[in-house]
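Here's the structure, in structure tokens; my notes come after.
Protein chains: 2
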Amino acid sequence: MMSIPRDNETTFLLSGWKNRIEIAIEQRLPPANTKPVRLHQAMRYATLNGGKRVRGLLVYASGYLLGAPDELLDTPAAAIEAIQCFSLIHDDLPALDNDDIRRGKPSCHKAFDEATAILAGDALQMFAFEQISTSSHSEAQRLAMIKILAEDSGSVGMIGGGAWELDISGKKVSWKELENLHWLKCGKLIHASVLLGAYGAKVPNADILARLEKYAYGLGIGYQIGNDILDGMGEFEFLGKSPRSDQQVGRTTFFTEFEVEKAKNRMVELFDSSINALDGLQRAEPLRQIANQVKERSLSVF
Amino acid sequence: MMSIPRDNETTFLLSGWKNRIEIAIEQRLPPANTKPVRLHQAMRYATLNGGKRVRGLLVYASGYLLGAPDELLDTPAAAIEAIQCFSLIHDDLPALDNDDIRRGKPSCHKAFDEATAILAGDALQMFAFEQISTSSHSEAQRLAMIKILAEDSGSVGMIGGGAWELDISGKKVSWKELENLHWLKCGKLIHASVLLGAYGAKVPNADILARLEKYAYGLGIGYQIGNDILDGMGEFEFLGKSPRSDQQVGRTTFFTEFEVEKAKNRMVELFDSSINALDGLQRAEPLRQIANQVKERSLSVF
Numbered sequence: 010m011m012s013i014p015r016d017n018e019t020t021f022l023l024s025g026w027k028n029r030i031e032i033a034i035e036q037r038l039p040p041a042n043t044k045p046v047r048l049h050q051a052m053r054y055a056t057l058n059g060g061k062r063v064r065g066l067l068v069y070a071s072g073y074l075l076g077a078p079d080e081l082l083d084t085p086a087a088a089i090e091a092i093q094c095f096s097l098i099h100d101d102l103p104a105l106d107n108d109d110i111r112r113g114k115p116s117c118h119k120a121f122d123e124a125t126a127i128l129a130g131d132a133l134q135m136f137a138f139e140q141i142s143t144s145s146h147s148e149a150q151r152l153a154m155i156k157i158l159a160e161d162s163g164s165v166g167m168i169g170g171g172a173w174e175l176d177i178s179g180k181k182v183s184w185k186e187l188e189n190l191h192w193l194k195c196g197k198l199i200h201a202s203v204l205l206g207a208y209g210a211k212v213p214n215a216d217i218l219a220r221l222e223k224y225a226y227g228l229g230i231g232y233q234i235g236n237d238i239l240d241g242m243g244e245f246e247f248l249g250k251s252p253r254s255d256q257q258v259g260r261t262t263f264f265t266e267f268e269v270e271k272a273k274n275r276m277v278e279l280f281d282s283s284i285n286a287l288d289g290l291q292r293a294e295p296l297r298q299i300a301n302q303v304k305e306r307s308l309s310v311f
Numbered sequence: 010m011m012s013i014p015r016d017n018e019t020t021f022l023l024s025g026w027k028n029r030i031e032i033a034i035e036q037r038l039p040p041a042n043t044k045p046v047r048l049h050q051a052m053r054y055a056t057l058n059g060g061k062r063v064r065g066l067l068v069y070a071s072g073y074l075l076g077a078p079d080e081l082l083d084t085p086a087a088a089i090e091a092i093q094c095f096s097l098i099h100d101d102l103p104a105l106d107n108d109d110i111r112r113g114k115p116s117c118h119k120a121f122d123e124a125t126a127i128l129a130g131d132a133l134q135m136f137a138f139e140q141i142s143t144s145s146h147s148e149a150q151r152l153a154m155i156k157i158l159a160e161d162s163g164s165v166g167m168i169g170g171g172a173w174e175l176d177i178s179g180k181k182v183s184w185k186e187l188e189n190l191h192w193l194k195c196g197k198l199i200h201a202s203v204l205l206g207a208y209g210a211k212v213p214n215a216d217i218l219a220r221l222e223k224y225a226y227g228l229g230i231g232y233q234i235g236n237d238i239l240d241g242m243g244e245f246e247f248l249g250k251s252p253r254s255d256q257q258v259g260r261t262t263f264f265t266e267f268e269v270e271k272a273k274n275r276m277v278e279l280f281d282s283s284i285n286a287l288d289g290l291q292r293a294e295p296l297r298q299i300a301n302q303v304k305e306r307s308l309s310v311f
């Protein structure tokens, strides 16, 4: 049998993991006929809706780096995607971004109603922690994953990033402040994804941890600069949601505040530093390919 | 020195614990000047606002039953109160109960804004899990507490109870369904409080666990029947919020659906079964007194 060329092999891995994520979420969520029915329908609607699953893929790719079998990564991957989907449900609410469309379909509060959407987002947070607390990992691994997920999602993590964005809405900010904000808003959950994969495999050593931190930092902020640019320059068909939503809600972004060339250059620099952090590591191809794919997507409008 | 009479001793314990709860929350929340400032202000506003702290008190009282020093119970008490306060913030939102007043003051979305209130509620959930994951308990105790808190708060717990209530809004329901709903909506977090105290002390034995489960069931549902009655018959000054809010939002409650005498009788029966579950136990006086206080408050309108 011919060996599969390296790039195809990685593509094959990633595509398998994407399938695993869908199954992992689907099997772990309560069935749609569980009482209260409307809530469980909304939770499933908002999670099983064709996301790109970048964060879930990072869990598998990072665990793969450390030699973990996929089975060990299903629960942390489902958990991180539940947190990501909760944040999208709440971000889309009228009081926040007021987005009616998500991933090409009505957002949760449009498909259901605002009250159900708020509660579905809340319940997905609980779901994530419940899943990790009962996973098959060692007690130390489970507690490390719970701590990372709670910190990186919390008031000085992802949720804090959303609130910080409200604070500066319509104001002039420095490049540095916007990068710090984006690190919270987008970077921290990327960080959590990478670390959940690592701790889901085993407790990582200091060198690996430092490299993964650097990988997450570059990818996390680069990703958000890319989102700003795509919102400013992309089209509906590509985004699966309305472009120019940032301007509509008066959001302060890299695209609205700075020269697009400057944003693009810094973004590329961040992606490259992310990828370079993996230099010399075995089994790092999936992490590298994910960063390259996010980079390519972010550059696709140029 | 004269020994303090038994009842006074318990009152003294409870009042000391109430102070501990305020300090435990205050010291564990990020300072109000932490970025993003408005979010952290909102989190503190909505948690340090003079609640009755029944759930936090249950943590100490249950831990006391099992002989734990108070220090071991500060973190689970702060965590359960954070979850309770998150649920009140989200319940008060315009899309849910649309309550402008909470504990005699503007509710969080009125004092701040809807977006900040949604995010503050989200961040308090993360805060609760982060706190327990890094507490000084054994790994097994921490994981047990996290599992209980996530399950009892989640889609088949407290949050599920809120959603179930939306499902039946304006509909006729059986007594049994309403009790099941109230077990989720109010009872499950009472259950979590009692069990967090127990597991915060040590892993409880089967007899103690069965008694605590029975105590939580009677108190949890009795408490919610009491809330229904107080909403229907109480006054603003007593409640610290607008009465008759249930009717205003078309909620189906024990008060709106059934004879008040029948509701009252079942409530008393539940409280009594709760208290009786503690028969013969040493160090159960605080748990008994909490149930008696909730019972008295619920009966105060008759």
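Chains as they are written, first to last, in this note's numbering: chain A, 10 to 311; chain B, 10 to 311. For each residue, glycine too, the CB sits at the ideal point set by N, CA and C. Nothing here was measured: the structure is a model prediction, and the numbers come from that model.
_Residue range of the alpha helix (DSSP H) that includes Phe138 of chain A_ = Locating residue 138 of chain A in the first sequence gives position 129, counting from the first residue. That run of the alpha helix (DSSP H) goes 123-142.
*May I ask you to report which of helix, strand or coil DSSP gives Ile110 of chain B?*
Position 101 of the second sequence holds residue 110 of chain B. Note: Ile110 of chain B maps to strand in three-state DSSP.
*asked:* Going by the DSSP bridge assignment, what does Pro115 of chain B pair with across the sheet?
replied: The residue labelled residue 115 of chain B in the question sits at position 106 within the second sequence. In the DSSP output, where bridge partners are listed per residue, Pro115 of chain B has B:Ile110.
*With distances taken Cα to Cα, identify the nearest neighbour of Thr261 of chain B among B:Asp176, B:Phe280, B:Ala201.*
On the second sequence, position 252 is the one that residue 261 of chain B refers to. The shortest Cα separation from Thr261 of chain B among B:Asp176, B:Phe280, B:Ala201 belongs to B:Asp176.
*From the DSSP output, in three-state form, read off Gly243 of chain A for me.*
In the first sequence, residue 243 of chain A corresponds to position 234, counting from 1. Coil.
*asked:* By alpha-carbon positions, which one of A:Ile284, A:Ala225, A:Lys119 ends up nearest to Val203 of chain A?
replied: Position 194 of the first sequence, counted from the start, is the residue given in the question as residue 203 of chain A. Residue A:Ala225 is the option with its Cα nearest to Val203 of chain A.
_Limits of the unbroken alpha helix (DSSP H) element including Ser145 of chain A_ = For the purposes of this step, residue 145 of chain A is taken as the residue at position 136 of the first sequence. No alpha helix (DSSP H) contains Ser145 of chain A, which DSSP labels as neither H nor E.
*In three-state DSSP terms, what is Ser164 of chain A?*
For the purposes of this step, residue 164 of chain A is taken as residue 155 along the first sequence, with counting starting at 1. Coil, per DSSP.
*Candidates A:Asp237, A:Leu128, A:Ala33: which alpha carbon is nearest Lys273 of chain A's?*
As a working mapping, residue 273 of chain A is identified with position 264 in the first sequence. Looking at the Cα atoms, A:Asp237 is the closest of the given residues.
*If you compare alpha carbons, which of B:His99, B:Gln256, B:Leu152 is closest to Thr56 of chain B?*
Indexing the second sequence from 1 puts residue 56 of chain B at position 47. Nearest of B:His99, B:Gln256, B:Leu152 to Thr56 of chain B, Cα basis: B:His99.
*Buried or exposed by the 16-neighbour rule on C-beta atoms within 10 Å, applied to Glu160 of chain A*: Working through the first sequence from its first residue, we reach residue 160 of chain A at position 151. The residue in question, Glu160 of chain A, is buried, as its Cβ has 16 or more Cβ neighbours within 10 Å.
*In the stretch 111-134 of chain A, which residues sit with their C-beta less than 9 Å from some C-beta in chain B, listed in chain order?*
His118, Asp122, Glu123, Ala124, Thr125, Ala126, Ile127, Leu128, Ala129, Gly130, Asp131, Ala132, Leu133, Gln134
_Helix, strand or coil for Asp288 of chain A? Go by DSSP, reduced to three states._
Locating residue 288 of chain A in the first sequence gives position 279, counting from the first residue. Reduced to three states, the DSSP call for Asp288 of chain A is coil.
*Can you pull the chain A residues whose beta carbon is under 7 Å from the beta carbon of Pro45 of chain B, in chain order?*
Looking up residue 45 of chain B in the second sequence gives position 36. Within 7 Å Cβ-Cβ: Gly169, Ala172, Trp173, Asp176.
*With 7 Å as the limit, tell me which residues of the stretch 198-211 of chain B have their beta carbon closer than that to any beta carbon of chain A; keep them in chain order.*
none
*Near-chain D residues of the stretch 155-168 of chain A (beta-carbon distance less than 7 Å), N- to C-terminal order*: Although the question refers to chain D, the structure presented lacks it and instead comprises the protein chains A and B.
*Which residues in the same chain have their Cβ closer than 6 Å to the Cβ of Ile199 of chain A, if we skip the five residues on either side of it in sequence?*
Here residue 199 of chain A corresponds to residue number 190 of the first sequence, with the count starting at 1. Only Ala225, Leu228, Gly229 meet the Cβ criterion.
*Where does Gly170 of chain A sit, in a helix, a strand or coil, going by DSSP?*
The sequence position of residue 170 of chain A within the first sequence is 161, counting from 1. DSSP places Gly170 of chain A in helix when its eight states are reduced to three.
_Let me make sure I understand the geometry here. Which of A:Thr125, A:Gly259, A:Lys194 has the alpha-carbon closest to that of Lys181 of chain A?_
Here residue 181 of chain A is taken as the residue at index 172 of the first sequence, counted from 1. When only C-alpha atoms are compared, the closest one is A:Gly259.
*Pro295 of chain B to His118 of chain B, Cα distance in whole Å?*
For the purposes of this step, residue 295 of chain B is taken as the residue at position 286 of the second sequence. For the purposes of this step, residue 118 of chain B is taken as the residue at position 109 of the second sequence. Their backbone Cα atoms lie some 35 Å apart in a straight line.
*Can you grab the Cα-Cα spacing for the pair Ile89 of chain A / Ile34 of chain A, in whole Å?*
By one-based count along the first sequence, residue 89 of chain A stands at place 80. By one-based count along the first sequence, residue 34 of chain A stands at place 25. Spanning the two alpha carbons is a distance of roughly 10 Å.
*Measure the alpha-carbon distance for Thr125 of chain B versus Arg292 of chain A and round it to whole angstroms.*
Residue 125 of chain B sits at position 116 when you count from the first residue of the second sequence. Residue 292 of chain A sits at position 283 when you count from the first residue of the first sequence. Approximately 42 Å, taken between the alpha carbons.
*Contact residues within the stretch 24-57 of chain A, judged by C-beta distance below 8 Å to chain B*: Pro39, Thr43, Lys44, Pro45, Val46, Arg47, Leu48, His49, Met52
_For a test of your reading of the model: does the CB of Gln302 of chain A fall under 7 Å from any non-hydrogen atom of the ligand FAD? Yes or no._
Inclusion of the ligand FAD in the displayed structure is not the case, the ligand content being empty and no account of it being possible.
*Arg275 of chain A to Ser309 of chain A, Cα distance in whole Å?*
Counting from 1 along the first sequence, the entry for residue 275 of chain A is found at position 266. Counting from 1 along the first sequence, the entry for residue 309 of chain A is found at position 300. When rounded, the distance between both Cα atoms is 16 Å.
_Just to confirm the assignment: which complete alpha helix (DSSP H) runs, minimum length 4, are found wholly within the stretch 189-215 of chain A?_
197-210
*Please list, in chain order, all residues of the same chain as Arg37 of chain B whose beta carbon is under 7 Å from its beta carbon, the five residues on each side excluded.*
As a first step, residue 37 of chain B must be located in the second sequence, where it is residue number 28. Hits under 7 Å: Ala87, Gln140.
*Spatial distance of Leu221 of chain B from Leu66 of chain B (CA atoms)*: In the second sequence, the residue the question calls residue 221 of chain B occupies position 212. In the second sequence, the residue the question calls residue 66 of chain B occupies position 57. Approximately 15 Å, taken between the alpha carbons.
*Drop a sphere of 10 angstroms on the beta-carbon of Cys255 of chain B, count the other beta-carbons inside from all chains shown, and report buried for 16 or more, exposed for fewer.*
Looking up residue 255 of chain B in the second sequence gives position 246. Reading off the sequence, residue 255 of chain B comes out as Asp, not Cys. Looking at its Cβ environment, which holds 16 or more other Cβ atoms inside 10 Å, Asp255 of chain B is buried.
*Output the distance between the C-alpha atoms of Lys271 of chain B and Ser283 of chain B, rounded to the nearest integer angstrom.*
The residue given as residue 271 of chain B occupies position 262 in the second sequence. The residue given as residue 283 of chain B occupies position 274 in the second sequence. Distance between the alpha carbons of Lys271 of chain B and Ser283 of chain B is about 18 Å.
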